[in-house]
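*Asks:* For the sequence shown, position 272 (counting from the first letter as 1) is numbered 271 according to numbering that gives the first Met the number 0, and the numbering increases by one without interruption. For every residue, glycine included, the Cβ atom is placed at its ideal position computed from N, Cα and C. Predicted model, so just to flag it, every value in this text is computed and none were measured.
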Amino acid sequence: MTRKRRIYWHAGIGLALLVAAGCRRGDAAAEPAPPRPDAAAAAAPAATDAATSTVGGNAPAATIEAQAHESLSRGLDYLMAQQQTNGVWSNAEFPALSALPLWALAIAARDNAADREAISRAAAYVAGCAQPDGGIYVAVPGRRGGALGTYNTAICMTALHALGHPDYVRLIQLARQYVAETQLLGDDEYRGGFGYEKKSGQPYADLNNTAWALSAMRVTQDVEESRPSGEARVDVDWNAALAFVSKMQLDTNTANAEDAGGFMYKPADPNKAGVATNAAGRPYLRSFGSITYSGLLSLIYAQVGRSDPRVVSAV
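#1: Could you give the DSSP three-state label for residue 100: helix, strand or coil?
#2: Residue 122 and residue 211 - do their beta-carbons sit closer together than 9 Å?
#3: Span of the beta strand (DSSP E) holding residue 284?
#4: Please list the terminal residues of the continuous alpha helix (DSSP H) segment that includes residue 244.
#5: Kindly provide the ranges of any alpha helix (DSSP H) runs that are 4 or more residues long and lie completely inside the region 92-171, ordered along the chain.
#6: Give me the Cα-Cα distance between residue 109 and residue 222, rounded to the nearest whole angstrom.
#7: Among 201, 309 and 172, which one has its Cα closest to the Cα of residue 186?
#8: State the DSSP-derived secondary structure class of residue 221, mapped to helix, strand or coil.
#9: Starting from residue 274, follow the beta strand (DSSP E) in both directions and report where the run begins and ends.
#10: From residue 117 to residue 103, what distance separates their C-alpha atoms?
#11: CA-CA distance, residue 47 and residue 68?
#12: For residue 6, does the three-state DSSP call read helix, strand or coil?
#13: Write down the C-beta distance between residue 181 and residue 149 rounded to the nearest angstrom, noting that I regard them as a contact closer than 8 Å.
#14: Whole angstroms are fine: how far does the CA of residue 189 sit from the CA of residue 236?
#15: Measuring alpha carbon to alpha carbon, tell me which of 283, 231, 240 and 172 ends up nearest residue 251.
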């Protein structure tokens, strides 16, 4: 499995959770990465073992895998049925909501006419949301929170990159510039992180936006190889990003055992999982599952090793 495929695999797992949940609101999608090209040959000698091994002492692993693929296929079919004729899913003001299903269909690689048509329509819509500043979003004047430029751009550029089409390389390069410029590098608690907007008027970052930004920058890094001669390569400050991500993780010195290793949404935000009191009687912001997944992915994209205590405790 190539490095790029491994990155898409991790991303696909996260998207697959959304498909498995039914995507009833039509605002997200999921599907795991396609099987490795060498999977059949590599797995042939072990086929019997896979068929007879069990998961948790229950159904054979091969049965569980087949059921999972069937569920994901139904999820993709559901998404196909929800796409609008203009290529949009859900709210057209937020292209990321269409980029997620596009990404899922792209990495599923089912290679049929219906999927190809849906992908073509969605890609045209997403690419059409590119702005002169390099971001991929829809300007929404007067909307509280703005256009969610960082969030939309990160997801959209990742989805377009998954298509592997050379026509989108320049667009992705400009989007990388936009996302890199949204990283907060001031001398405050948000340093290294990413918020919703490039120019929000005040410092703000959270782990959700940071995870999307870091995944997008790592997944699309190969387009830097084809920048025009003389044009500087673009990247984020990974050391600052890792410092922010690490700061969002709880440990046994600050949290109780049930929260240690998990992640918080952002500094000083008790609204997501509430506040608890540790053994020393000090309050702390509790961790929760979905943002811990974002934190773990951020560590992976920041190239933290699997044996690192931060990764081990998060898992």
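*Replies:* Quick look at the numbers:
#1: Residue 100 falls in the helix class under three-state DSSP.
#2: no
#3: First-last of the beta strand (DSSP E) with residue 284: 282-284.
#4: 237-246
#5: 95-107, 112-126 and 148-162
#6: 25 Å
#7: 201
#8: helix
#9: From DSSP, the beta strand (DSSP E) with residue 274 extends over 274-276.
#10: 11 Å
#11: Interpretation of residue 47 is limited by its pLDDT of 41, a score under 50 that renders its predicted location unreliable; no figure is taken from the coordinates.
#12: Confidence in residue 6 is poor, its pLDDT being 43 and thus under 50, which makes the residue's placement unreliable; the coordinate value appears in the next sentence. Residue state, collapsed to three classes: helix.
#13: 5 Å
#14: The straight-line gap separating the alpha-carbon atoms of residue 236 and residue 189 is approximately 13 Å.
#15: 283
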